[in-house]
Amino acid sequence: MSIAGGIDEAPLRGEAVGCKVIQIFTKSSNQWKARELGEEEIERFKTNGENAGISSVIAHDSYLINLASPNDELRKKSFHAFLDEMDRCRRLGIRYLVMHPGSHTGAGEKEGIKTISDQFNELLHLSDGWKVDITLETTAGQGTNLGYKFEHLAAIMDKVKKKDRLKVCFDTCHTFAAGYNIATEEGYTETMAQFDSLIGLDKLVAFHINDSKKGLGSRVDRHEHLGKGTLGEAPFRFIMNDPRFVNIPKILETPKGKEMEEDRINLAFLRNLVKG
Ligand code: MN
Ligand code: MN
Ligand code: ZN
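Okay, here's the thing in structure tokens:
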């Protein structure tokens, strides 16, 4: 949900289209600079969320941040920006800060994974005691993006000392584009079994529910309205009726206009898939 006009506006937008959970950026997603959050805005955000019946708010980090960068300047800039986003989440009472692990930009996957883990260890040391968990998103694997294999996320977690502060968000579009065929029942079952054995389903705290414009294994990240892309209806039916995921927040990241009519349509599509 957009935070135009103030962070406190986002829960009201969620309520307007009938959301029970929302995701926000805590600052502009394509700028390094962040406007300082005021105490009153924070209080209004919390009150609006309660009054709107929003049970969970998830944050997504800025797209500029790359904690895997081999470039010292960009990595340090990313580190400070991410720590600031963690602090904004702490003040807003947001538990999960979803992020893309990062791009190694030529340094190689192994090196990138080590770099990210080092950053996390330092971030989690500096934020000791904060009720904010770094939530790694499964990615499509565009360019040199890491996180398109469950093994990447497992390897990162393995190197982090405070493992209880790391969680995972499963993006349906990304995971499919990365090559996991969740569009068939067999593939869905196998994908979730792999997730469980490599990462652990207890680490899963959110879904990003998106259809995909591009195909299985395309490694291209392009979201499509539910049922209108290469995923079709099946994977959403599997997720919505999987008893393991009943209480996991499910977030739409599909395109929308100012009136948010697309959100109403996609929400209805999803809710109609629930059996019984
Ligand atoms: Mn994302
Ligand atoms: Mn996503
Ligand atoms: Zn995406």
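Residue 798 is where the sequence shown starts when you use the numbering used here, and the numbers rise one by one after that.
For glycine and all other residues, C-beta sits at the position ideal for the given N, C-alpha and C.
Just so it is clear, the structure is predicted and the values come from calculations on it, not from any experiment.
With the cut-off set at 8 angstroms, would you say residue i and residue j are in Cβ contact?
{"i": "residue 896", "j": "residue 934", "result": "yes"}
{"i": "residue 1057", "j": "residue 888", "result": "no"}
{"i": "residue 936", "j": "residue 893", "result": "no"}
{"i": "residue 775", "j": "residue 826", "result": "A question about residue 775 goes unanswered here, because the residues of the chain that appear run from 798 up to 1073."}
{"i": "residue 964", "j": "residue 1002", "result": "yes"}
{"i": "residue 939", "j": "residue 1043", "result": "no"}
{"i": "residue 1033", "j": "residue 1064", "result": "no"}
{"i": "residue 882", "j": "residue 823", "result": "yes"}
In chain order, what residues of the same chain have a beta carbon less than 6 angstroms from the beta carbon of residue i, not counting five sequence neighbours either side?
{"i": "residue 808", "result": "845, 846, 849 and 851"}
{"i": "residue 864", "result": "875, 899, 913 and 916"}
{"i": "residue 952", "result": "910"}
{"i": "residue 891", "result": "854 and 856"}
{"i": "residue 1074", "result": "This structure gives no information on residue 1074, because the portion of the chain shown stretches from 798 to 1073."}
{"i": "residue 1072", "result": "1038"}
Using DSSP with H/G/I as helix, E/B as strand and the rest coil, what is residue i?
{"i": "residue 889", "result": "helix"}
{"i": "residue 925", "result": "coil"}
{"i": "residue 800", "result": "coil"}
{"i": "residue 861", "result": "coil"}
{"i": "residue 1020", "result": "strand"}
{"i": "residue 1009", "result": "strand"}
{"i": "residue 1055", "result": "coil"}
{"i": "residue 909", "result": "helix"}
{"i": "residue 811", "result": "helix"}
{"i": "residue 969", "result": "helix"}
Tell me residue i's beta-bridge partners as DSSP assigns them.
{"i": "residue 932", "result": "895 and 964"}
{"i": "residue 854", "result": "819"}
{"i": "residue 900", "result": "942"}
{"i": "residue 1047", "result": "1004"}
{"i": "residue 875", "result": "Answer by DSSP bridge pairing: none, since residue 875 is not bridged."}
| field | Start-end ranges of the alpha helix (DSSP H) lying completely within the segment 979-1006, minimum 4 residues | value | 982-995
| message | Please give the ranges of any alpha helix (DSSP H) in the segment 821-848, keeping only runs that are unbroken, at least 4 residues long and fully inside the region. | response | 836-848
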